[in-house]
Structure formats: structure tokens, C-alpha cells
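Trainee: Just so it is clear: in the sequence shown, position 61 is 62 by my numbering, and no numbers are missing.
Every residue gets a Cβ at the ideal spot worked out from N, C-alpha and C, and that includes glycine.
Pasting a structure below so you can have a look.
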Amino acid sequence: GQSPGELLFGRKLRDNLPKHPKSYVPTWSYLPAFRKAEGLYKQKQCSYYNQRHRTRPLPPLEDDTSVWISTNGKKKPGEVIQPAEEPRSYWVGSQHGQMRRNRRDLSAVPEGEGSQTEREQTKEVVPTTQRSPIQTRSRSGILINRLYTRLILDSC
Numbered sequence: 002g003q004s005p006g007e008l009l010f011g012r013k014l015r016d017n018l019p020k021h022p023k024s025y026v027p028t029w030s031y032l033p034a035f036r037k038a039e040g041l042y043k044q045k046q047c048s049y050y051n052q053r054h055r056t057r058p059l060p061p062l063e064d065d066t067s068v069w070i071s072t073n074g075k076k077k078p079g080e081v082i083q084p085a086e087e088p089r090s091y092w093v094g095s096q097h098g099q100m101r102r103n104r105r106d107l108s109a110v111p112e113g114e115g116s117q118t119e120r121e122q123t124k125e126v127v128p129t130t131q132r133s134p135i136q137t138r139s140r141s142g143i144l145i146n147r148l149y150t151r152l153i154l155d156s157c
């Protein structure tokens, strides 16, 4: 058999007796089987982790796509310039300049919606007034008709 040290180093251990240098070349006979079993174990562990945390792959983003950039819990508008060399990363342009961001920090803006600044520029607020009678009762129970004027802003 082999000693624990020989299994660890994959070769005979050196001692004071002279030996040929080829006898000290590492040979792990169990290494291919170990690598196969280790790979299967890691795949199983990965699938269990993904099931437990409900992970899902994010769809890739096209160039010139409007996105929300998440930074420190805040979302800012931006636009995808191109994919970066790193996996799942993109070069994104915003009002603060060009930066590289991971895909998880980018949310695509739905079709019909522009960036927030575009919506603010195109939105027109037209104030209108509306007069409406309101009936209320006093403490003594007398019915009082009041005419309220309120300002309505169409901001929604």
C-alpha cells in the first residue's frame, strides 16, 4: 500500500537511500476518477443552489437599448453602448459619462417608455379649476352647502 504522504504527494517520499530521479515523478492513478466525481458533485451543488435561490439567466441587451443603471440603490437612466469583453458586462453611457456595468445592475426600459428625462420634457401640466358643491353638517346638525374651488393638475 501507500502511506498517506505518498498519496498526498503522488510519489515515493525521499529518504537517505539513493534512488533514480524517475521514481520521484508524481503519478496520481486516482486523479482522473477523482476529477470526474468532483465535477459531478459541483454540478449537483450548483443546480441545488440555483433551485434554492430561484436564479435565472438574464437576457442579453442589444446596443442602443435604454436601461436603468442601479448604483448604490438608486436608478439612473442610461444607454447600452456595446458589450464588454468580460462576461455579462456592458459599456453604458449616461449623463455621468461612460462606465462598465454588470448585467445584474442594468434593467431594460420597457418599450413605450422613454427615459425619465424625456418624459419630463414632453409632459405638459395644464392647471384647471373645478367648482363643486359640498354638503356638510355643523355641530348642531344644520345642513350647510359650501362651494369649494380646487385646482386640478393633470400630472398623472
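Trp92 and Val81: beta carbons closer than 9 Å?
Mentor: Result yes, Cβ atoms of Trp92 and Val81 sit closer than 9 Å.
Trainee: Here's the rule: buried if 16 or more other CB atoms are within 10 angstroms of the residue's CB, otherwise exposed. What is Val68?
Mentor: Buried, by the Cβ-count rule.
Trainee: Less than 9 Å between the beta carbons of Tyr31 and Lys13, yes or no?
Mentor: Their beta carbons are not under 9 Å apart, which means Tyr31 does not touch Lys13 by this criterion.
Trainee: With 16 other CB atoms within 10 Å as the buried threshold, where does Leu107 fall?
Mentor: When all chains shown are included, Leu107 counts as buried.
Trainee: So, Arg89 versus Asn73, is the Cβ gap smaller than 9 Å?
Mentor: In this structure, Asn73 does not lie closer than 9 Å to Arg89 by Cβ.
Trainee: In terms of alpha-carbon separation, which member of Gln3, Gly11 and Lys75 lies closest to Thr28?
Mentor: Residue Gly11 is the option with its Cα nearest to Thr28.
Trainee: With DSSP run on the structure shown, which of helix, strand or coil describes Gln3?
Mentor: Three-state DSSP puts Gln3 in coil, outside helix and strand.
Trainee: Does the separation of the CB atoms of Thr56 and Tyr50 fall below 9 Å?
Mentor: Cβ distance < 9 Å, so Thr56 and Tyr50 count as in contact.
Trainee: Any idea what DSSP makes of Glu39, helix, strand or coil?
Mentor: Helix at Glu39.
Trainee: Name the DSSP beta bridge partners of Gln83, please?
Mentor: The partner list for Gln83 (beta bridge, DSSP) reads Trp92.
Trainee: With H, G and I counted as helix, E and B as strand and the rest as coil, what does DSSP make of Pro22?
Mentor: If DSSP states are grouped into helix, strand and coil, Pro22 belongs with the helices.
Trainee: Return helix, strand or coil for Leu8, following the three-state DSSP convention.
Mentor: Three-state result, Leu8: helix.
Trainee: Would you call the CB atoms of Phe96 and Lys77 closer than 9 Å?
Mentor: According to the sequence displayed, residue 96 carries Gln and not Phe. Cβ atoms of Gln96 and Lys77: closer than 9 Å.
Trainee: Between Glu39 and Lys45, what straight-line distance do the alpha-carbon atoms span, to the nearest angstrom?
Mentor: Distance between the alpha carbons of Glu39 and Lys45: 10 Å.
Trainee: Would you kindly report the start and end of the unbroken beta strand (DSSP E) that includes Trp29?
Mentor: Careful: Trp29 lies outside any beta strand (DSSP E) and carries neither H nor E.
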